[in-house]
Amino acid sequence: MKNQAVLEAACQQIEREARAVAGVAQLLNNSFIEVADLCLRMTGKVIVTGAGTSGHAGRRMAHLLSVSGTPAVFLHPMDCLHGTMGAITKDDVVFAISKGGGSDELNQLCSILREKGTKIVALTENESSELAGLADVTVLLHTPDQADPGNVIAMGSTLVSGVWGDALAYVLMRLRKRSWKETLEIHPAGAVGKMQTAPEELNRLEQ
């Protein structure tokens with residue numbers, strides 16, 4: 001194994017993924033505002049769903065939304081098709097994550113939920129996909145070439161959807177005027193739970 005070549009290959013991939021993440025700031029548009037507004041007005045919770053690597057990114061997104069004050073849970077689309085969708089109501093907002101927008105189980109779930117009147121947000125890079133056509137709001141998240149190796153393995157694209165979700169959670173936290181006291185109350189375990197002094201409050205955003 002040639003150590004220098006290995007390190008160079010690793011650095012190149014990190015740089016590709018870093019560019020993908022940095023590029024998300026240029027992708028933010030009115031769809032971000034629409035999603036934030038949906039989350040503020042909803043009387044239910046956010047349901048994040050997705051299959052494969054998108055699903056793993058979705059679990060993280062749901063967790064961070066909940067921690068920062070927007071109730072959210074992750075449900076796998078196939079589990080939903082076997083009855084778990086009973087947990088989803090028309091008062092909820094569904095975030096459906098699929099890079100290509102062609103996941104059969106995800107699209108079947110969204111089609112059923114749309115009939116029930118549940119609001120659907122699609123996170124995809126394919127504007128003409130079936131998923132985009134089922135959504136009330138479509139968030140287009142482009143991943144630069146080779147940030148996903150071979151445009152097959154979802155490395156960069158899951159970071160792209162992840163950082164978009166981070167930005168949403170952060171903005172919603174400020175719009176809700178959520179205090180660190182509220183956050184620490186629901187996080188009693190780990191190093192965070194042992195904090196003696198809360199951080200300085202974030203500047204509030206006006207709705």
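Taken in order, the sequence shown gives residues 1 to 207; the numbers are from UniProt numbering.
Backbone N, C-alpha and C define an ideal beta-carbon position, used for all residues, glycine too.
Check the DSSP bridge columns for L140 and list the partner residues they point to. Paired residue(s): T124.
How would you label S128, buried or exposed, when you count the other beta carbons within 10 angstroms and need 16 or more for buried? Exposed: under 16 other Cβ atoms inside 10 Å.
Backbone CA spacing between V139 and E200 [nearest angstrom]: Approximately 32 Å between the Cα atoms of the pair.
Do the region 45-54 and the region 92-105 meet, that is, are 3 or more Cβ pairs less than 8 Å apart? A contact exists between the region 45-54 and the region 92-105.
Provide the residue span of the beta strand (DSSP E) that contains I97, from first to last. For I97, the enclosing beta strand (DSSP E) starts and ends at 93-97.
Can you tell me whether E154 is helix, strand or coil according to DSSP? According to the sequence shown, residue 154 is Ala rather than Glu. It is coil, neither helix nor strand.
Just list the residues that DSSP pairs D145 with in beta bridges. Bridge partners of D145: D148.
Report the CB separation of V160 from A20 in whole angstroms; it is logged as a contact under 8 Å. Their Cβ separation, rounded to whole angstroms, is 5 Å, which keeps V160 and A20 in contact under 8 Å.
With 16 other Cβ atoms within 10 Å as the buried cut-off, status of E17: Result: buried.
What does the alpha-carbon distance come out to for the pair residue 208 and K2? Residue 208 cannot be examined here, being either before or after the span of the chain that is shown, 1 to 207.
How should P77 be labelled, buried or exposed, when 16 other C-beta atoms within 10 angstroms of its C-beta is the threshold for buried? In summary, P77 is buried, with 16 or more beta-carbon neighbours lying within 10 Å of its beta-carbon over all protein chains present.
Go through its chain and collect everything with a Cβ distance to T111's Cβ below 7 Å, but skip five positions before and after it. According to the sequence as given, residue 111 is Ser; it is not Thr. Contacts found: L134.
T53 lies in the beta strand (DSSP E); which residues open and close that run? Not the beta strand (DSSP E): T53 falls in the alpha helix (DSSP H), residues 52-67.
Is the region 55-71 close to the region 161-179, with three or more CB pairs under 8 Å? Inter-segment contact for the region 55-71 and the region 161-179 is present: three or more beta-carbon pairs are separated by less than 8 Å.
Leaving out five residues on either side along the sequence, give the residues of the same chain with a beta carbon under 6 Å from the beta carbon of S157. Excluding residues within five positions, the ones whose Cβ falls inside 6 Å are K99, T143, D148.
By alpha-carbon positions, which one of E8, D37, L28 ends up nearest to R176? Nearest to R176 by alpha-carbon distance, out of E8, D37, L28, is D37.
Tell me whether the beta-carbon of N126 lies closer than 8 Å to the beta-carbon of G162. No, these two residues do not count as a Cβ contact at 8 Å.
Hey, is V137 close to the ligand FAD, as in C-beta under 7 Å from one of its heavy atoms? Questions concerning the ligand FAD fall outside what the structure shown contains, since it holds no ligand whatsoever.
DSSP on K116, reduced to helix/strand/coil? Three-state result, K116: helix.
Taking just the CA atoms, how far does T197 sit from R41? Here the alpha carbons of T197 and R41 stand approximately 32 Å from one another.
Can you tell me which of the three DSSP states I88 falls into? In the structure shown, I88 sits in coil (DSSP, three-state: anything other than H, G, I, E or B).
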